[in-house]
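Residue numbers (the working numbering), protein chains in the order written: chain W, 1 to 343; chain Y, 344 to 726. Let me begin by presenting the structure, written as structure tokens, before commenting on it.
Encoded structure:
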């Protein structure tokens, strides 16, 4: 395996970083807090062809593989982009693969419609707290023994939540419901989609952690107390010096997981794509929670002030991961794979 | 990892299957000496001691070097003598005198000579540039030198032929500018080696130097140029010479123990398997990243610090977790009946505290990261 980004990945990273820097300041993030979605940012992404990236070219998509989408997710996370991009990218891949005749595929590719994946199985036709569910026109969910793509108008309002994410409960039983897979195939297809969702969410969290570290370091250089920058105190320095290794490791782990899932290969350490995807989300969630908490802490009182940015990062670090369920469940899943000889 | 590197990893594994014995491992654990002459000579015969020398026919790139040490670690081989000696070989090649290159380097590459490091002193550990072991020239031409002083943590001095010795040659200038490095034969009269046994069972030494007379041909680098030589040595040391797969060794042995003990169904075992496995993967990725920086011509000082800090701190946590999980039997020594995983958990818990100290303490790594990566001001106000 090669840990370096390909030239295409680097070009995509640079393009998205510039786009997000230009379009998504924290003022935009704040303005979108109640819905967790900015139609303007989404329109900009759509104009750049980003929502179609994960779909096959014959359906109007960009043919990007998961390794490329991971680059997109990292940049979206860095900027706290208030759009359900990860959910859309994962869900459109599932629909394009399993239901190429879906009537809304062209809209999903152009970005005029939004798709979302419920990473947690639905109960009795109802998917709870679907990330992106507040604005999604198509919701992909595992409903009993069928994988469905449910339509119907999105609620257009989010349940008020910790991460200011566009979360909403969705009814899957409406007239636009289409079955993508049934029986064992449905469970497997949903597990694969959830695995991709984990890798991309891990990517977003690693980007978020990198932003939080940069913000904290910049602040301790300019904040003076006792006549010197607080970053000149060793207690502060060492609290921050713990972080670049895990932040770098988080990003490398995301790339490694994506690589393993794309190629089907096993890492030299013995870990395969499924193990690495679980590891990636568990690790990046821990790192993002830790880095953003320290970012708040080293800002002192300003860190908890709503008008300041650290709290925006802190809330999202926990929230983005938690919509996938209790991390202990993923620890159990990983432990089971390892006990069976994986990794 | 590309195909060439993977093939080299397989070659190292096959070599170890043929040459590394359980006797060697047990002797290492019993004596605390991580060196075995038979294994070392066999490694040298493969040309692997010369692998660290850029430009030599046997030179290996940083990815291959990382693989070599990873496989040695995973196999629980006695390899510390190899890593320190390779480092010394690199120093001699880059800044050694023609005489040292002609006389000592071939012995090192043949696996017949081992080198240990004489940097730290009783009063100077992390602040190594404050070394006070004195080297005084005996004439104006500096044809011979007399050395007096004491070095701590001269690990392997009791089996090595040479010590790479950091000395003070000018006490009247700022500390970094008055140091000179020597490669001193350990059989020189006036040198005494005394054992220091550690909590991990590893043996190290204190070495005493009383009126030790050495010729100028033993000098490595310029007079008062010792700090530059240290820089060369540290650059060779960081990141690619072992110590990053400790957690992986423990993890693999722990899973094998759990499988053998029928404990893989225990939720708590699965939880620790999962949590510690993640840290193993990240340590490996950081080590790979460090090798990549080195392979791209960079000096991976900061990356080496990140890797070492992460690998050692997470190894400590893992060692605690596994010993806790084993319960009271986790306290038993490998020779006691009923010991867990052949005493591994007990041994790991004793070894873990060393790993955040040797090779640069966690605090030194954090200073390095804070100053050179985060751009924060130096906090070491002293001279």
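Even for Gly, the Cβ is constructed at its ideal location relative to N, Cα and C. Please read these numbers as outputs of a predicted model, since none were measured by experiment.
Whole-angstrom distance between residue j and residue i, CA atom to CA atom
{"i": "residue 345 of chain Y", "j": "residue 654 of chain Y", "result": "23 angstroms"}
{"i": "residue 626 of chain Y", "j": "residue 486 of chain Y", "result": "48 angstroms"}
{"i": "residue 77 of chain W", "j": "residue 85 of chain W", "result": "10 angstroms"}
{"i": "residue 433 of chain Y", "j": "residue 443 of chain Y", "result": "12 angstroms"}
{"i": "residue 104 of chain W", "j": "residue 210 of chain W", "result": "36 angstroms"}
{"i": "residue 341 of chain W", "j": "residue 326 of chain W", "result": "24 angstroms"}
{"i": "residue 172 of chain W", "j": "residue 118 of chain W", "result": "11 angstroms"}
{"i": "residue 582 of chain Y", "j": "residue 356 of chain Y", "result": "Interpretation of residue 582 of chain Y is limited by its pLDDT of 49, a score under 50 that renders its predicted location unreliable; no figure is taken from the coordinates."}
{"i": "residue 715 of chain Y", "j": "residue 296 of chain W", "result": "23 angstroms"}
{"i": "residue 553 of chain Y", "j": "residue 489 of chain Y", "result": "9 angstroms"}
{"i": "residue 291 of chain W", "j": "residue 243 of chain W", "result": "7 angstroms"}
{"i": "residue 9 of chain W", "j": "residue 238 of chain W", "result": "33 angstroms"}
{"i": "residue 722 of chain Y", "j": "residue 227 of chain W", "result": "15 angstroms"}
{"i": "residue 675 of chain Y", "j": "residue 688 of chain Y", "result": "9 angstroms"}
{"i": "residue 362 of chain Y", "j": "residue 439 of chain Y", "result": "32 angstroms"}
{"i": "residue 123 of chain W", "j": "residue 74 of chain W", "result": "31 angstroms"}
Closer than 7 angstroms to chain W by CB, residue i
{"i": "residue 631 of chain Y", "result": "yes"}
{"i": "residue 719 of chain Y", "result": "yes"}
{"i": "residue 722 of chain Y", "result": "yes"}
{"i": "residue 712 of chain Y", "result": "yes"}
{"i": "residue 407 of chain Y", "result": "no"}
{"i": "residue 709 of chain Y", "result": "yes"}
{"i": "residue 417 of chain Y", "result": "no"}
{"i": "residue 716 of chain Y", "result": "yes"}
{"i": "residue 607 of chain Y", "result": "yes"}
{"i": "residue 653 of chain Y", "result": "yes"}
is_contact[residue i, chain Y] using C-beta, thresh 7 angstroms
{"i": "residue 234 of chain W", "result": "yes"}
{"i": "residue 238 of chain W", "result": "yes"}
{"i": "residue 293 of chain W", "result": "no"}
{"i": "residue 20 of chain W", "result": "no"}
{"i": "residue 174 of chain W", "result": "no"}
{"i": "residue 231 of chain W", "result": "yes"}
{"i": "residue 81 of chain W", "result": "no"}
{"i": "residue 269 of chain W", "result": "yes"}
{"i": "residue 339 of chain W", "result": "yes"}
{"i": "residue 282 of chain W", "result": "yes"}
{"i": "residue 207 of chain W", "result": "no"}
{"i": "residue 335 of chain W", "result": "yes"}
Contact set between residue i and chain Y, taken where Cβ atoms lie within less than 7 angstroms
{"i": "residue 256 of chain W", "result": "628"}
{"i": "residue 215 of chain W", "result": "Chain Y residues near residue 215 of chain W: none, gap ~12 angstroms exceeds 7 angstroms."}
{"i": "residue 343 of chain W", "result": "620"}
Chain Y contact residues for residue i, given Cβ-Cβ distances below 9 angstroms
{"i": "residue 226 of chain W", "result": "By Cβ distance, chain Y contributes nothing, its closest Cβ being about 14 angstroms from residue 226 of chain W, past 9 angstroms."}
{"i": "residue 201 of chain W", "result": "Going along chain Y, no residue has its Cβ under 9 angstroms from residue 201 of chain W, so there is no contact; the nearest lies around 16 angstroms."}
{"i": "residue 332 of chain W", "result": "610, 613, 614 and 617"}
{"i": "residue 279 of chain W", "result": "617, 620, 621, 624 and 625"}
8 angstroms Cβ cut-off: residues of chain W touching residue i
{"i": "residue 635 of chain Y", "result": "3 and 4"}
{"i": "residue 650 of chain Y", "result": "245"}
{"i": "residue 571 of chain Y", "result": "Simply none; closest approach about 26 angstroms."}
{"i": "residue 660 of chain Y", "result": "Under the 8 angstroms cutoff, chain W gives no residues; its nearest Cβ is about 12 angstroms from residue 660 of chain Y."}
{"i": "residue 403 of chain Y", "result": "Under the 8 angstroms cutoff, chain W gives no residues; its nearest Cβ is about 16 angstroms from residue 403 of chain Y."}
Own chain partners of residue i with C-beta closer than 8 angstroms, once the 5 adjacent residues on each side are dropped
{"i": "residue 359 of chain Y", "result": "414, 415, 418 and 420"}
{"i": "residue 612 of chain Y", "result": "601, 606 and 668"}
{"i": "residue 567 of chain Y", "result": "512, 513, 516, 520, 521, 522 and 523"}
{"i": "residue 282 of chain W", "result": "327, 330, 331 and 334"}
{"i": "residue 546 of chain Y", "result": "374, 375, 376, 498, 501, 538, 539 and 540"}
{"i": "residue 247 of chain W", "result": "206, 209, 210, 213, 287 and 291"}
{"i": "residue 169 of chain W", "result": "126, 127, 128, 129, 130, 133 and 159"}
Contact set between residue i and chain W, taken where Cβ atoms lie within less than 7 angstroms
{"i": "residue 592 of chain Y", "result": "Within 7 angstroms Cβ-Cβ: nothing; residue 592 of chain Y doesn't reach chain W, min ~12 angstroms."}
Chain-order list of residues whose beta-carbon lies under 7 angstroms from that of residue i (same chain, five-residue window excluded)
{"i": "residue 37 of chain W", "result": "82, 83, 84, 134, 135 and 166"}
{"i": "residue 348 of chain Y", "result": "406, 407 and 410"}
Contacts of residue i in chain W (Cβ-Cβ under 9 angstroms)
{"i": "residue 356 of chain Y", "result": "By Cβ distance, chain W contributes nothing, its closest Cβ being about 12 angstroms from residue 356 of chain Y, past 9 angstroms."}
Amino acids of chain Y, ordered along the chain, whose beta-carbon sits closer than 8 angstroms to that of residue i
{"i": "residue 168 of chain W", "result": "Within 8 angstroms Cβ-Cβ: nothing; residue 168 of chain W doesn't reach chain Y, min ~32 angstroms."}
Neighbourhood of residue i by C-beta distance below 6 angstroms, restricted to the same chain and skipping five residues each side
{"i": "residue 728 of chain Y", "result": "Coverage of chain Y is limited to positions 344 through 726, which leaves residue 728 of chain Y absent and any answer about it impossible."}
{"i": "residue 215 of chain W", "result": "295"}
{"i": "residue 277 of chain W", "result": "195, 198, 199 and 257"}
- Going along the chain, which unbroken runs of the alpha helix (DSSP H) with 4 or more residues stay wholly within the region 625 to 673 of chain Y? 644 to 669
- Output the residue ranges of the beta strand (DSSP E) runs that lie fully inside the region 474 to 546 of chain Y and measure 3 residues or longer, sorted by chain position. 477 to 480, 487 to 494, 505 to 511, 522 to 528 and 534 to 540
- Could you give the uninterrupted runs of the beta strand (DSSP E) lying entirely in the region 378 to 465 of chain Y, keeping only those of 3 residues or more? Counting whole runs of 3 or more residues, the region 378 to 465 of chain Y contains the beta strand (DSSP E) stretches 458 to 461.
- Continuous beta strand (DSSP E) assignments of at least 3 residues falling wholly in the region 92 to 135 of chain W: 115 to 117 and 126 to 131
- May I have a chain-ordered list of the alpha helix (DSSP H) segments no shorter than 4 residues that lie completely inside the region 239 to 274 of chain W? 244 to 263
- Item | Segments assigned beta strand (DSSP E), at least 3 residues, entirely inside the region 151 to 186 of chain W | 167 to 171 and 178 to 182
- alpha helix (DSSP H) segments (min. 4 residues) lying fully within the region 673 to 723 of chain Y: 687 to 698 and 705 to 715
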